[in-house]
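**Q** This is the structure I have questions about; it appears just below.
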């Protein structure tokens, strides 16, 4: 089955700086890569996703890049704000019925 | 549009007891998922329904866990008997169809003593 590794496990940045979270996946058949933000006591919320036919996608301060050859993808958050503090999960879908496998999470702390 | 609803939000039981969780997905969503999220880890899929049929239950511990989605809408997840290692957050999610964006509920926090 699919295996998703995520780094770093914790990340502290100053407000206004950029944050980068990296993930690798094992199944070359995976073709859908969502990113979720989970705040304390809440369920994960989709913030951006990318499919394997594109290399990069942006949405305001958030961008995701995908390297299919190397089987890794990254989340970039620019101009971080305190409200960006949360746990972020990457995930990969292995096709077929689109079962989603999650990474282990990155706890992001934005210091005002 | 109402989101995914789950109840109860919190549950404390003793080992070997049984417990049930309920999920009401977003109206019209055909696909429903149950995930287990252990503290400090990412969600792990337990079971996926397409309408009222099971699509994937390969990671569901079937000796103690069961789930159903009668009439293809609401779903219940049951654990009987519970073990200490079942302490986790149980998340329900739904999507319009397979391969589409999943929307998560707030989860049920289970503590097994």
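Protein chains in written order, with my numbering: chain H, 2 to 113; chain A, 261 to 373. Ideal Cβ positions, reconstructed from N, Cα and C, are used throughout, including at glycine. Since this is a predicted model, take the numbers as computed values, not measurements.
#1: Apply the 10 Å Cβ neighbour rule to residue 276 of chain A and answer buried if 16 or more other Cβ atoms are within range, or exposed otherwise.
#2: Is the beta carbon of residue 367 of chain A sitting closer than 8 Å to the one on residue 296 of chain A?
#3: Please give me, in chain order, every unbroken run of the beta strand (DSSP E) with length at least 3 that falls completely inside the stretch 339 to 368 of chain A.
#4: Would you say residue 361 of chain A lies against chain H (beta-carbon separation less than 8 Å)?
#5: With distances taken between CB atoms, is the gap from residue 102 of chain H to residue 19 of chain H smaller than 8 Å?
#6: Give the straight-line distance between the Cα atoms of residue 17 of chain H and residue 111 of chain H, rounded to the nearest whole angstrom.
#7: Compile a chain-ordered list of the residues in the stretch 345 to 361 of chain A whose CB is closer than 7 Å to at least one CB of chain H.
#8: Please decide whether residue 47 of chain H counts as near chain A, where near means a Cβ-Cβ distance under 8 Å.
#9: Have a look at A:360, A:263, A:278 and A:264 and flag the residue whose alpha-carbon is nearest the alpha-carbon of residue 340 of chain A.
#10: Suppose contacts are defined by Cβ-Cβ distances below 8 Å. Is residue 263 of chain A in contact with residue 356 of chain A by that definition?
**A** Taking the geometry as given:
#1: Your numbering for residue 276 of chain A matches position 16 in the second chain. By the neighbour-count rule (16 or more Cβ atoms within 10 Å), residue 276 of chain A is not buried but exposed.
#2: What you label residue 367 of chain A is simply residue 107 of the second chain in a count that begins at 1. What you label residue 296 of chain A is simply residue 36 of the second chain in a count that begins at 1. Going by C-beta atoms, residue 367 of chain A is not nearer than 8 Å to residue 296 of chain A.
#3: 348 to 355
#4: Within the second chain, the letter at position 101 stands for residue 361 of chain A. Judged by the 8 Å Cβ criterion, residue 361 of chain A is in contact with chain H.
#5: Residue numbering aside, residue 102 of chain H sits at position 101 when the first chain is read from its first letter. Residue numbering aside, residue 19 of chain H sits at position 18 when the first chain is read from its first letter. Against a cut-off of 8 Å, the Cβ pair of residue 19 of chain H and residue 102 of chain H comes out as no contact.
#6: Within the first chain, numbered from 1, the residue matching residue 17 of chain H stands at position 16. Within the first chain, numbered from 1, the residue matching residue 111 of chain H stands at position 110. Straight-line Cα distance between these residues: approximately 9 Å.
#7: 351, 358, 359 and 361
#8: If you number the first chain from 1, residue 47 of chain H lands on position 46. It does; some Cβ of chain A falls within 8 Å.
#9: Along the second chain, read from residue 1 onward, the residue named residue 340 of chain A stands at position 80. Ranking A:360, A:263, A:278 and A:264 by Cα distance to residue 340 of chain A puts A:278 first.
#10: For the purposes of this step, residue 263 of chain A is taken as the residue at position 3 of the second chain. For the purposes of this step, residue 356 of chain A is taken as the residue at position 96 of the second chain. No, Cβ-Cβ distance for residue 263 of chain A and residue 356 of chain A is not below 8 Å.
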